[in-house]
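From first to last, the protein sequence lines stand for chains A and B.
Quick note on numbering that gives the first Met the number 0: the first sequence kicks off at 0 and runs consecutively.
Quick note on numbering that gives the first Met the number 0: the second sequence kicks off at 0 and runs consecutively.
A virtual CB, placed ideally from N, CA and C, is assigned to each residue, including glycine.
Working notes for the structure below.
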Amino acid sequence: MSTFWIILTGALVASTCGIVGCFLVLRKMAMIGDAISHSVLPGIVIAFLISGSRDSLFMLLGAAVIGLITVFLIQLFHQSGVQSDASIGVVFTALFAVGVILVSMYTRNIDLDLDCVLYGEIAYVPWNTIEIGGVDIGPKAVWGIGLALLLCVILITAFYKQFKICSFDPAMAAAVGIPVALFHYLLMGLVSVSTVASFESVGAILVVGMLVVPPATAYLLTERLSRMILISIVLGCASSVIGYYLARMLDASIAGSMICVAGGLFLLALLFSPTHGVIFRKIQQKRLLA
Amino acid sequence: MPVAKPLFIILAFAVLAVLTACGNDKAATGEEKTIKVTTTIGMITDVVERIGGEYAEVTGLMRAGVDPHLYKASEGDINKLDKADIIFYNGLHLEGKMVEILEKMAKDKPTVAVSEKIDRSLLRTGAQIGLDTEFDPHIWFNVQLWMKAAESIRDALAEFDPAHAEQYATNAEAYLNELRQLDAEVAEKIKTIPEQSRVLVTAHDAFGYFGDAYGMKVMGLQGMSTASEAGTKDVTDLRDFLIDNKIKAVFIESSVPRKAIDAVIQGAKEKGHELKVGGELFSDAMGEEGTPEGTYIGMVRHNADTIVGALK
Chain A
0 MSTFWIILTG
10 ALVASTCGIV
20 GCFLVLRKMA
30 MIGDAISHSV
40 LPGIVIAFLI
50 SGSRDSLFML
60 LGAAVIGLIT
70 VFLIQLFHQS
80 GVQSDASIGV
90 VFTALFAVGV
100 ILVSMYTRNI
110 DLDLDCVLYG
120 EIAYVPWNTI
130 EIGGVDIGPK
140 AVWGIGLALL
150 LCVILITAFY
160 KQFKICSFDP
170 AMAAAVGIPV
180 ALFHYLLMGL
190 VSVSTVASFE
200 SVGAILVVGM
210 LVVPPATAYL
220 LTERLSRMIL
230 ISIVLGCASS
240 VIGYYLARML
250 DASIAGSMIC
260 VAGGLFLLAL
270 LFSPTHGVIF
280 RKIQQKRLLA
Chain B
0 MPVAKPLFII
10 LAFAVLAVLT
20 ACGNDKAATG
30 EEKTIKVTTT
40 IGMITDVVER
50 IGGEYAEVTG
60 LMRAGVDPHL
70 YKASEGDINK
80 LDKADIIFYN
90 GLHLEGKMVE
100 ILEKMAKDKP
110 TVAVSEKIDR
120 SLLRTGAQIG
130 LDTEFDPHIW
140 FNVQLWMKAA
150 ESIRDALAEF
160 DPAHAEQYAT
170 NAEAYLNELR
180 QLDAEVAEKI
190 KTIPEQSRVL
200 VTAHDAFGYF
210 GDAYGMKVMG
220 LQGMSTASEA
230 GTKDVTDLRD
240 FLIDNKIKAV
250 FIESSVPRKA
260 IDAVIQGAKE
270 KGHELKVGGE
280 LFSDAMGEEG
290 TPEGTYIGMV
300 RHNADTIVGA
310 LK
């Protein structure tokens with residue numbers, strides 16, 4: 000059974016991240032997942048100082064609040080004219096630094112780092128189950144990330160047009176009367192919720208990777224947003240399945256293997272994509288010269 | 000946007016996974032005389048091997064030199080945890096988030112925190128913030144505390160496998176005797192260091208129990224977590240202390256990078272105090288398997304000899 004739960008969790012993370020990741024890649028904010036993975040440090044320290052416990056619920060709450068503040072600040076700075084990469088960089092390094100100061104001031108004598116208290120490990124997902132009325136209803140991660148996926152699917156389907164125009168051409172979106180800022184904040188909120196929920200269950204590398212690599216791969220393979228989202232979900236799920244069996248073969252980290260497979264798929268797309276692929280473009284260039 | 004398609008694909012993969020998973024589970028049934036034990040850190044693995052003897056098949060998750068704070072699980076670990084009849088771990092948050100999982104697994108199979116039975120008043124407290132007191136998890140540095148951990152292991156094995164309870168008790172008695180001798184031996188050795196030189200300086204704060212048990216002042220450069228970094232003031236404070244007290248050596252650890260300790264040595268040198276690296280101590284992980292330091296007793300002996308050799 001554990002194989003099933005791990006692959007399912009991987010696929011759910013891949014789908015959730017694939018959906019929001021496409022919008023992030025289009026908006027040149029792909030590294031926001033990595034930013035959140037660092038900036039939540041002050042959140043967990045403050046949550047620990049208030050609650051006095053390293054219980055994952057408090058850690059998750061602290062992380063979620065700071066995650067939202069992170070994306071809010073990034074969006075705010077970006078709208079005030081700071082380049083997107085610079086605003087991501089400024090916000091997450093500054094917040095992470097606050098976290099480092101807090102750790103060194105208040106919690107020197109306790110093992111409080113992100114790896115220990117927040118980031119989960121996908122290998123342990125099958126055992127971290129929820130019970131309702133004595134009945135085991137499956138791993139917590141599957142429900143948590145499943146809910147995040149549901150939320151993403153509902154919101155993105157309901158406002159697909161608005162999200163799309165806002166990502167490609169904010170000026171035009173504003174001209175036709177779409178509240179651009181609102182949709183930006185909504186998307187960022189969605190990113191924050193789904194990443195923090197996934198960090199807690201599967202760790203940072205899987206989330207950050209799935210947020211960037213499959214969407215970037217899909218970007219090479221199609222020009223249409225709806226197809227890009229679908230392709231990135233499919234690639235993400237395929238990476239989870241292949242990655243899991245790669246990890247089994249090598250007896251290695253599962254999350255690491257999944258992202259390696261995703262990276263391998265990206266490389267294939269980069270070389271062989273019919274439209275953007277390096278090889279096909281070389282062939283085309285030769286044809287044009289001949 | 001069509002949503003049905005990706006969901007269908009996920010479902011298809013899921014069905015595939017279930018089929019393969021079922022195939023794996025069948026292979027495990029068969030006649031077994033020994034009980035399968037899975038352990039986290041090497042120190043526990045060693046004790047369980049000694050007490051379990053021929054009746055326990057012990058698999059350790061963390062290999063030599065692995066820092067339990069920063070341990071990354073691999074795919075094989077799932078099987079090791081899944082197939083185990085009983086699991087031993089240190090507890091007190093040493094294994095990080097894994098402890099939560101092990102506590103949850105307790106409803107399927109016995110999972111035993113070897114630190115659990117130890118009287119909390121014997122433990123060193125870390126942070127006193129909030130309601131819960133956090134305890135220092137590095138209990139194996141005090142051999143007497145580790146004997147209590149060994150007793151918990153003996154009791155848990157006997158309870159789980161009563162047919163061999165007597166053998167476990169015999170093995171444990173022999174092992175506990177060795178530990179008792181080890182404890183006396185370490186105490187004896189440390190006493191040979193001149194009193195004002197009984198200062199143990201290491202990179203991270205793991206040796207508190209050692210200091211308490213054998214009468215040494217312990218100073219760590221970093222906090223408890225191997226992930227936190229030493230501040231500038233920590234380095235200068237420690238340097239000044241070492242110069243003032245004419246301490247001859249500081250120590251590096253097998254599972255922690257030596258960078259911070261090198262900074263202190265450099266700093267002392269600039270002030271004209273010759274400080275040397277007293278040797279490598281095993282802190283959060285034991286030595287390679289097959290070497291004397293690859294066992295708990297060998298590791299403690301190595302640490303004591305290294306400390307005495309450098310400070311005497």
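{"Item": "Please report how far the alpha carbon of L146 (chain A) lies from the alpha carbon of S191 (chain A), in whole angstroms.", "Value": "14 Å"}
{"Item": "Taking the alpha-carbon positions, what's the L130 (chain B) to E115 (chain B) distance?", "Value": "Bear in mind that a pLDDT of 48 at L130 (chain B), under 50, signals an unreliable position, so the number given afterwards is only what the model happens to contain. Spanning the two alpha carbons is a distance of roughly 19 Å."}
{"Item": "In whole angstroms, what is the alpha-carbon distance linking E177 (chain B) and E158 (chain B)?", "Value": "24 Å"}
{"Item": "Comparing the C-beta of A72 (chain B) with each C-beta of chain A, is any distance below 9 Å?", "Value": "yes"}
{"Item": "Can you list, in chain order, the residues of the segment 238-265 of chain A whose Cβ is nearer than 7 Å to any Cβ on chain B?", "Value": "V240, A246, R247, D250, A251, S252, I253"}
{"Item": "So E222 (chain A) and K96 (chain B) are supposed to be a Cβ contact under 8 Å. How far apart are they, rounded?", "Value": "Not quite, the Cβ-Cβ distance comes to about 42 Å (not below 8 Å), so this is no contact."}
{"Item": "Which residue marks the beginning of the alpha helix (DSSP H) containing D291 (chain A), and which one marks its end?", "Value": "What the structure shows of chain A is the stretch from 0 to 289, and residue 291 (chain A) is not part of that stretch, so it cannot be assessed."}
{"Item": "If the cut is a Cβ gap below 8 Å, which residues of chain B does A122 (chain A) touch?", "Value": "A72, S73, E74, D76, I77"}
{"Item": "Starting from the C-beta of A46 (chain A), find all residues in its chain whose C-beta is less than 7 Å away, skip the five residues before and the five after it, and write them out in chain order.", "Value": "F57, M58, L60, G61"}
{"Item": "Three or more beta-carbon pairs under 8 Å between the segment 0-15 of chain A and the segment 64-83 of chain A, yes or no?", "Value": "no"}
{"Item": "State yes or no: is the beta carbon of L122 (chain B) nearer than 9 Å to at least one beta carbon in chain A?", "Value": "no"}
{"Item": "Just to make sure I have the definition right: I need the residues of chain A whose C-beta is within less than 8 Å of the C-beta of D236 (chain B). Which are they?", "Value": "Simply none; closest approach about 13 Å."}
{"Item": "Taking C-beta pairs closer than 8 Å, name the residues in chain A that K103 (chain B) reaches, listed in chain order.", "Value": "W126, N127, T128"}
{"Item": "Determine the closest residue to I43 (chain B) out of B:G90, B:D81, B:Y54, with distance taken between C-alpha atoms.", "Value": "B:G90"}
{"Item": "Residues of the segment 162-178 of chain A in Cβ contact with chain B at a cutoff of 8 Å, in chain order, please.", "Value": "none"}
{"Item": "Could you tell me which of A:W142, A:A174, A:G80, A:L186 sits nearest to Y159 (chain A), measuring between CA atoms?", "Value": "A:L186"}
{"Item": "What does E99 (chain B) touch in chain A if you count any residue whose Cβ is under 8 Å from its own?", "Value": "S55, N127"}
{"Item": "Give me the residue from B:N141, B:T124, B:M104, B:H163 with the minimum Cα distance to G52 (chain B).", "Value": "B:H163"}
{"Item": "Let's see if you can read the secondary structure: which residues bound the beta strand (DSSP E) around A83 (chain B)?", "Value": "Taken as a continuous stretch (DSSP letters only), A83 (chain B) belongs to no beta strand (DSSP E), as it is neither H nor E."}
{"Item": "Helix or strand or just coil, what does DSSP make of V299 (chain B)?", "Value": "helix"}
{"Item": "Distance, Cα to Cα, L23 (chain A) vs F167 (chain A)?", "Value": "11 Å"}
{"Item": "Residues in the same chain with beta-carbon distance under 8 Å from I136 (chain A), minus the five sequence neighbours each way, listed in chain order, please.", "Value": "T128, I129, E130, W142"}
{"Item": "Chain A beta carbons: is any one of them nearer than 9 Å to that of K258 (chain B)?", "Value": "no"}
{"Item": "Rounded to a whole number of angstroms, what is the C-alpha to C-alpha distance between P109 (chain B) and V57 (chain B)?", "Value": "15 Å"}
{"Item": "So, at 8 Å on beta carbons, what are the nonlocal neighbours of A251 (chain A) in its own chain, with the 5 sequence-adjacent residues on each side left out?", "Value": "L245"}
{"Item": "Report the option in A:L154, A:I204, A:M209 whose CA atom is closest to the CA atom of H183 (chain A).", "Value": "A:L154"}
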